[in-house]
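Notes for the one structure printed next.
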Amino acid sequence: MTRDRYDVVVVGAGATGSATAWALARRGRRVLLLDRAEEPPAHGRDVVRPGHADVARCHLALLSHQWWNVLEHEAGERLVEPTGCVEHGPVEALRPLVETLLVTSVPFEYLTGPEAEQRWPGMRFDDRAVVQPAAGVADVAATHAALRRQAVSHGADLALGADVRRVEVLDDGARVHVDAGDHVDASVVVVCAGAASAAVLEGVVDLPPAQVVRETRLRADHVEALSSTARPWPAFVHRADPVAHRSARGELGPDAGYPALRVRGEPTAQGVELAHRTAPAPLGSDPAAEDGVAADLLAYAAQCLPGVTLDGAEPSVAERAAGPLVLDRVGRVVVGLGTGVHGVALAPGIGQVLADLAEDGLGVPRQVGADEDELDRSRFSLAALATSV
Ligand SMILES: Cc1cc2nc3c(=O)[nH]c(=O)nc-3n(C[C@H](O)[C@H](O)[C@H](O)COP(=O)(O)OP(=O)(O)OC[C@H]3O[C@@H](n4cnc5c(N)ncnc54)[C@H](O)[C@@H]3O)c2cc1C
68 MTRDRYDVVV VGAGATGSAT AWALARRGRR VLLLDRAEEP PAHGRDVVRP GHADVARCHL
128 ALLSHQWWNV LEHEAGERLV EPTGCVEHGP VEALRPLVET LLVTSVPFEY LTGPEAEQRW
188 PGMRFDDRAV VQPAAGVADV AATHAALRRQ AVSHGADLAL GADVRRVEVL DDGARVHVDA
248 GDHVDASVVV VCAGAASAAV LEGVVDLPPA QVVRETRLRA DHVEALSSTA RPWPAFVHRA
308 DPVAHRSARG ELGPDAGYPA LRVRGEPTAQ GVELAHRTAP APLGSDPAAE DGVAADLLAY
368 AAQCLPGVTL DGAEPSVAER AAGPLVLDRV GRVVVGLGTG VHGVALAPGI GQVLADLAED
428 GLGVPRQVGA DEDELDRSRF SLAALATSV
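As structure tokens, this is what we get:
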């Protein structure tokens, strides 16, 4: 490892760290991107949509949207397949999303369930559907590789197999201690090491204990309904909400087949992948509690996607880091945490925000773009975290 002093050392070359190194290197900073792993861990797909119910996250997604375009242009490849995304559910379950889309001017269509069913034969929809045509599905591995490659092509150094043990704050910067007693100095350190961040920053910044969600996925490789229609299916999020469903049906009473789960669907080449995530739980909690989820996903497909055969499909279950999104700076140390459940969708925008924070630490005056002006960064601060606990 080089012993030169860097402007910024980024610890963790996942999607977040790579996006941060890309942003900083593009701005002409001397950057070192470190990861203990030799191979990128990321895989799978992620729904990328500009509109979210939460206003602050929506602004982050809009910022990301711009940078997805820049990344695809620079990388010379399509990373997000433009599928559109439909979020559907009872009226009440969609209200926060619709309100935010209206105030943020994100383009969307509002359909009734039957209108959506006419548009996408083979899918059954809840009471109302919100369509975001600008949404798509990202290839996680390709995105991760593109972010790293672009960081390096803009001049960042990349060191893989470098296990960071701790960060030490110096008078004029920070020292990153790497395995085998080696170290590297920088004016600012950005830590995006996922669940390992708290250990790396022990004694420097207090971070909340890691949490995880369990994501169960089932995949149907061939869907008959898709071969008989010219219109591919969109990505979807079914905001199933039994309480809102029951109250909307009034005297009719709840529909017996109403799904038990919130389900996400991501189109594949000729099929679809269904996913369900549990609520966040402390790291190491009992996975047995999730046994019924695969069966519920099968029941969901039978009820809401009648052309989809998932029988025989092996569920894949993965643990992903969870917890609130934290993008903040404490002196010479910047942290980017809680990105695990958001996947890569927000990474290009988060990289810009973390690069801004690192430049604040370097004393570089901010050049803030119009969309960044809208972003309420205080929502992602450590102080906001302390008040929400
Ligand atoms: C099993 C699994 C399945 C997933 N599936 C999907 C999916 O389908 N779609 C999706 O969008 N996302 C998926 N993700 C999430 C995604 O990979 C990332 O978690 C997310 O993109 C956030 O990235 P990140 O860079 O913040 O964190 P991470 O991807 O967790 O990256 C953190 C990096 O820090 C490195 N690191 C940790 N400790 C140290 C240390 N001490 N020294 C040096 N380096 C260190 C790690 O090696 C890692 O590369 C999945 C994650 C997991 C674990």
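When you read off a place in the sequence shown, starting at 1, and then add 67, the result is the number in this note's numbering. Idealized CB from N, CA, C, for every residue including glycine.
Nearest to residue i (by Cα), restricted to the options the options
i: residue 309; options: 172, 202, 120 and 160; result: 160
i: residue 103; options: 232, 112 and 428; result: 232
i: residue 140; options: 452, 238, 360 and 214; result: 214
i: residue 363; options: 211, 374, 401 and 344; result: 344
i: residue 285; options: 314, 360 and 223; result: 360
i: residue 126; options: 311, 240 and 169; result: 169
i: residue 326; options: 273, 369 and 240; result: 369
i: residue 305; options: 180, 78, 220 and 257; result: 180
i: residue 424; options: 244, 256 and 329; result: 256
i: residue 386; options: 225, 196 and 261; result: 261
i: residue 476; options: 340, 430, 366 and 191; result: Residue 476 cannot be examined here, being either before or after the span of the chain that is shown, 68 to 456.
i: residue 146; options: 113, 152, 156 and 172; result: 113
i: residue 403; options: 312, 265 and 238; result: 265
i: residue 80; options: 137, 224 and 336; result: 224
i: residue 427; options: 406, 88, 164 and 401; result: 401
i: residue 247; options: 388, 230 and 272; result: 230
i: residue 367; options: 106, 135, 193 and 87; result: 193
i: residue 107; options: 94, 83 and 120; result: 83
i: residue 328; options: 406, 365, 235 and 182; result: 365
i: residue 382; options: 317, 282 and 315; result: 282
i: residue 173; options: 239, 449 and 129; result: 129
i: residue 243; options: 135, 276 and 71; result: 71
i: residue 388; options: 142, 315, 346 and 273; result: 346
i: residue 396; options: 371, 175, 220 and 422; result: 422
i: residue 407; options: 175, 177 and 259; result: 259
i: residue 241; options: 430, 75 and 433; result: 75
i: residue 220; options: 430, 115 and 90; result: 90
i: residue 177; options: 184, 171 and 165; result: 165
i: residue 115; options: 267, 239 and 201; result: 201
i: residue 449; options: 137, 239 and 391; result: 391
i: residue 307; options: 136, 155, 352 and 95; result: 155
Nonlocal neighbours in the same chain, by C-beta distance under 8 Å from residue i, ignoring five residues either side
i: residue 123; result: 442, 443, 446 and 447
i: residue 398; result: 236 and 428
i: residue 269; result: 233
i: residue 158; result: 194, 195, 311 and 315
i: residue 182; result: 196
i: residue 142; result: 213, 216 and 217
Residues of its chain near residue i, where Cβ-Cβ distance is below 6 Å and the 5 sequence neighbours each way are ignored
i: residue 132; result: 117
i: residue 73; result: 97, 99 and 253
i: residue 331; result: 304 and 342
i: residue 227; result: 102 and 105
i: residue 153; result: 196, 198, 301 and 303
i: residue 167; result: 120, 122 and 125
i: residue 374; result: 189, 290, 291 and 292
i: residue 456; result: Legend: pLDDT at residue 456 = 45, less than 50; position of this residue unreliable, no value from coordinates given.
i: residue 371; result: 191
i: residue 313; result: 321
i: residue 377; result: 285, 287, 365 and 368
Cutoff 7 Å; reference residue i; Cβ partners in own chain excluding five residues on either side
i: residue 85; result: 100, 211, 214, 215 and 218
i: residue 451; result: 445
i: residue 88; result: 77, 98, 100, 218 and 223
i: residue 349; result: 276 and 278
i: residue 271; result: 234, 236 and 400
i: residue 93; result: 221
i: residue 437; result: Interpretation of residue 437 is limited by its pLDDT of 49, a score under 50 that renders its predicted location unreliable; no figure is taken from the coordinates.
Task: Touching by the beta-carbon criterion (3+ pairs, under 8 Å), the stretch 319 to 332 and the stretch 403 to 423 - done: no
Go through the stretch 240 to 328 residue by residue and report every complete run of the beta strand (DSSP E) that reaches 3 residues or more, in order. 240 to 245, 249 to 258, 278 to 287 and 302 to 305
key: 4-residue-minimum alpha helix (DSSP H) runs that sit fully inside the stretch 148 to 202, ordered along the chain   = 158 to 171 and 180 to 186
#### Entry: Any 3 or more C-beta pairs closer than 8 Å across the stretch 399 to 412 and the stretch 202 to 214
yes
### Task
Write down every uninterrupted run of the alpha helix (DSSP H) in the stretch 358 to 440 whose length is 4 residues or greater and which is fully enclosed by it, in chain order.
360 to 371 and 414 to 429
* If you scan the stretch 203 to 243 from start to end, which runs of the alpha helix (DSSP H) of 4 or more residues do you find wholly inside it? -> 207 to 220
Practice task
Jot down the residue ranges of each uninterrupted alpha helix (DSSP H) in the stretch 73 to 129, minimum 4 residues, whole runs only, in chain order.
Solution key: 82 to 93
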